[in-house]
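Numbering (my numbering), first residue to last: -14 to 1094. All C-beta atoms in this analysis are idealised placements derived from N, C-alpha and C, irrespective of residue type, glycine included. Remember, predicted model here, so these are calculated numbers, not experimental data. To start, the structure under review is shown below, and the notes come after it.
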């Protein structure tokens, strides 16, 4: 705003103008002094005397601490320490005040000089002055200057009427909290504290949004004073500097006034901040606390206004997708491979600089608020880190990848250099693998950057997981997906004791990562409106654990465990609904929106593996034609079979069943230890270099886990199973006890079931069951093993192993040469599912000899396969092999031992693969090797169905598998509507009713296209959603395969009073919610032997009720 001649600042605040140098006395002031020369001198002399007395009193007060220290008998060191703190405080304080004065003076001088030089009105530029990227917006500054006093009035009212009551209500000790003064700047000053230095508009983004970047600078004497009268405590802020780039997004654009639906604001990067404290907060200006306090303030601002957080202001009522606007999905993920650095400067000096050493470098990687620190490499100027980090990118353009390299020192780390890169370049390139020069230092840093797109397609998951198995990543494995949880609100949460309203907050956990929401005070229907983001390694086996608690963490208001595999079958991998809370009130529920996206590397430089074993799979190295092959003319005759050592294939599998614990000690304390809580126990197991961890049981001193873990063990004597129990906490987990179990007894006797006393704690014991499983080289019992495993499988454990695969890789021959002439340096990777083994690297050899073995746990031998990749060090893929384990099931003694041709290359490998079936002798389940068909009207047994088949000499498992998947008319069941295969069993150890939906066959087809069937189960007489279960939906098939397990927790006598209603349904159309009933069957559980757990075929019956589900 232009200044008028009468609006001049006072002489105290007005800095000198360039045209009025300080060495020339101003004439106006001289005349004023002459005109006032006849005034009496009395008052001036009295003021001078008062000033002298005040100065003397202050100096006298300095001696008071010295006198008190002598009177009490303290050492002079206390006085010197206090004096040092005071001097440091004064120094920091004066530096901040000087910084504020200099910044304000420079801003005012710049405005005056610009106005004088351009011969124009104050703070204006001519229209012909242009900037390529950033435009000056003086008109906007004029508006802000005129609005500023009214904004101050609004802030004063907001703090007094909204913030202060909220602070007083949050804690009884703050009931006298008040704001005594709120000023955003001098009310009568012409200096504007907030200025917009420049505005940049980003064109060509999305049509429904406008993107602005405002470079703002706040340099003002803001004064906010607070007081807690009860404790005579005063504190406040006087003077502040804040500079940063504020992004403003106008989105969505609509066809009605006000055209813009909402405004979003956030800082792309952390702004710079400098604060002057007053009152008791003066202590924060002490050296050491000054930087700490500013960091804490910046953390608070970052939690509110720095990406990924943002401030959303809706401009129209009933705006759609408010949660999506407040916390949108990331634009993508960047996988940062911090590989190495070279040519770094030497910072370590010895003998007072006479001897030059090296450096101990480490790197800090930042993208927005996401920061990662590498490990320290000692005494190295060319460090090799080899670490991988994954960051979420929310804004393109705008965000930057920043890497800073430091030298680790005991006191202050030395700066070695930094590099910055806009994430938009990574998005354009897809994959960048470059050496980047370090600015403000010397040397280069080697980064490989990969842009991962977000896909809502579950069919790509297996491809992504297959690719991740070949990615070398540390300290964490590569992620396959991200999960964004929009936590909206809750309803009807239980009250605290005395019918008091709770202060609910939410803890969300996936494995070891836990995030917390804010606390909402005094309500049982809180509204959070927060977003949380998680990286997922394998969403098929991970779970989201949600705990709703009172803000003291002592009271659990509700819980929810959601398998993430459920999202894989949801439309667009999204669930947007109410979720019923367990361990809570009858109507307590939580509204959340969960969005999963797969991380897909979409680049022309990298091709994902096709079906394993095909020529296109893993073809990452294309360096030209490879016409020359290794010769074996002079080589001795090659062996036809492998020659492993005598210990090959002698491993056993130890099945560890962690059942429960009793009398654990309570570690949780609340209210400073006055209130004793319980514990949140979990178990850690260590054996043979591997470790396992159970789930956390909340607030229970006698927890029941019932989880099963499996590990491959050898017969080496002296092995021990180490067991530790911990209490899960947000910071450091508390120790609850340990015990050790010698494996000698288990390996000799085959079974151990004991209560073990926990050591190093006053009380507690743990119930473990250990079983040795010896592999058997026969497939005759595989069907029974799979059936038993499906029955004893717990929901919290991974799928149990049915077999053990032992692989011995001896050698390879005829591998392709590198660039036509040089032999490669090959190594091999063996993988089954998520488990893999990498061999040693043989230097420059086209016929390497490895002589290495590996063992794998096999859960589904009929469908899994052994994947072998032969790669060259630095050259890429040399060949691959995919061996279906079903070939081992029909081989003699389940073993294959010969040469295998490699696909995608001319080479061969000599290996031995043998399978052993794991039969449990202590499962407590009587398995049945035959299946029966049951109908409410008649029984149709399976042997009668096979009666017309000719004599087949192949093994029984192959026969059963062929019968299951065949479309032969000989298999048409007796029922006209088809059949469903079920297992119904009562698991007494878990006190659960278990039903396994295996498959359906010969379903009815009413229209031109086959149906999309799924199975719905309901426990009668209850028809509520609590007893309803639903399988996944299969597309366009009359013979769907489900193999899904469902559980109901109830006592046996109650289960015998129930009826299981099983309905096979299909979606009638894409646009309709109606479901077509294909058939149903109702089982009276009192008429079924629930102790047997036999799989049976049931005829589907017609029903007149064809309602939707």
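Residue environment, residue i, which counts as buried when at least 16 other CB atoms sit within 10 Å
| i | result |
| --- | --- |
| residue 984 | buried |
| residue 356 | exposed |
| residue 625 | exposed |
| residue 436 | buried |
| residue 630 | exposed |
| residue 667 | buried |
| residue 128 | exposed |
| residue 811 | buried |
| residue 507 | exposed |
| residue 186 | exposed |
| residue 632 | exposed |
| residue 322 | buried |
| residue 120 | exposed |
Beta-carbon separation (whole angstroms), residue i vs residue j, contact threshold 8 angstroms
| i | j | result |
| --- | --- | --- |
| residue 1097 | residue 866 | Limits of the chain in this structure are -14 at one end and 1094 at the other, which puts residue 1097 out of reach. |
| residue 522 | residue 569 | No, residue 522 and residue 569 are not in contact; Cβ-Cβ is about 30 angstroms, not under 8 angstroms. |
| residue 997 | residue 1052 | 5 angstroms |
| residue 826 | residue 858 | 5 angstroms |
| residue 721 | residue 650 | 6 angstroms |
| residue 564 | residue 545 | 5 angstroms |
Proximity winner among the options, relative to residue i (alpha-carbon distances)
| i | options | result |
| --- | --- | --- |
| residue 768 | 845, 709 and 553 | 845 |
| residue 343 | 486, 388 and 328 | 328 |
| residue 471 | 181, 902, 425 and 310 | 310 |
| residue 796 | 1024, 830 and 751 | 830 |
| residue 535 | 561, 491, 559 and 574 | 491 |
| residue 881 | 39, 507, 233 and 896 | 896 |
| residue 326 | 371, 479, 232 and 318 | 371 |
| residue 1118 | 851, 858, 162 and 862 | Residue 1118 falls outside the range modelled here, since the chain spans only -14 to 1094, and no answer is possible. |
| residue 1082 | 813, 966 and 517 | 966 |
| residue 1062 | 133, 151 and 988 | 988 |
| residue 184 | 192, 194, 198 and 193 | 198 |
| residue 679 | 700, 672, 711 and 699 | 711 |
| residue 208 | 194, 192, 226 and 246 | 226 |
| residue 764 | 899, 415 and 543 | 899 |
| residue 295 | 323, 516 and 743 | 516 |
| residue 374 | 384, 382 and 388 | 388 |
| residue 509 | 486, 1032 and 548 | 486 |
| residue 1066 | 1072, 1084, 1050 and 1060 | 1084 |
| residue 980 | 144, 498, 753 and 1015 | 1015 |
| residue 530 | 468, 476, 674 and 324 | 468 |
| residue 794 | 628, 787, 637 and 905 | 628 |
| residue 703 | 719, 672 and 723 | 672 |
Residue i vs residue j beta-carbon contact at 7 angstroms
| i | j | result |
| --- | --- | --- |
| residue 390 | residue 352 | no |
| residue 901 | residue 970 | no |
| residue 222 | residue 319 | no |
| residue 583 | residue 466 | yes |
| residue 841 | residue 790 | yes |
| residue 350 | residue 393 | no |
| residue 292 | residue 234 | no |
| residue 165 | residue 236 | no |
| residue 206 | residue 229 | no |
| residue 408 | residue 417 | no |
| residue 663 | residue 684 | yes |
| residue 489 | residue 566 | no |
| residue 1095 | residue 665 | There is no way to answer for residue 1095, as the model of the chain reaches only from -14 to 1094. |
| residue 474 | residue 512 | yes |
is_contact[residue i, chain C] using C-beta, thresh 7 angstroms
| i | result |
| --- | --- |
| residue 77 | Given the protein chain composition of this structure (a single chain), no chain C is represented. |
* **Secondary structure, beta strand (DSSP E): runs of 3+ residues fully inside the segment 1016 to 1074** => 1026 to 1034, 1044 to 1052 and 1060 to 1069
* Any chance you could list the alpha helix (DSSP H) runs of at least 4 consecutive residues sitting entirely within the segment 734 to 779, in chain order? => 767 to 777
* Whole beta strand (DSSP E) elements within the segment 841 to 879, 3-residue minimum -> 850 to 857 and 861 to 869
* **Entirely enclosed alpha helix (DSSP H) segments - the segment 363 to 442, minimum 4 residues** => 408 to 414
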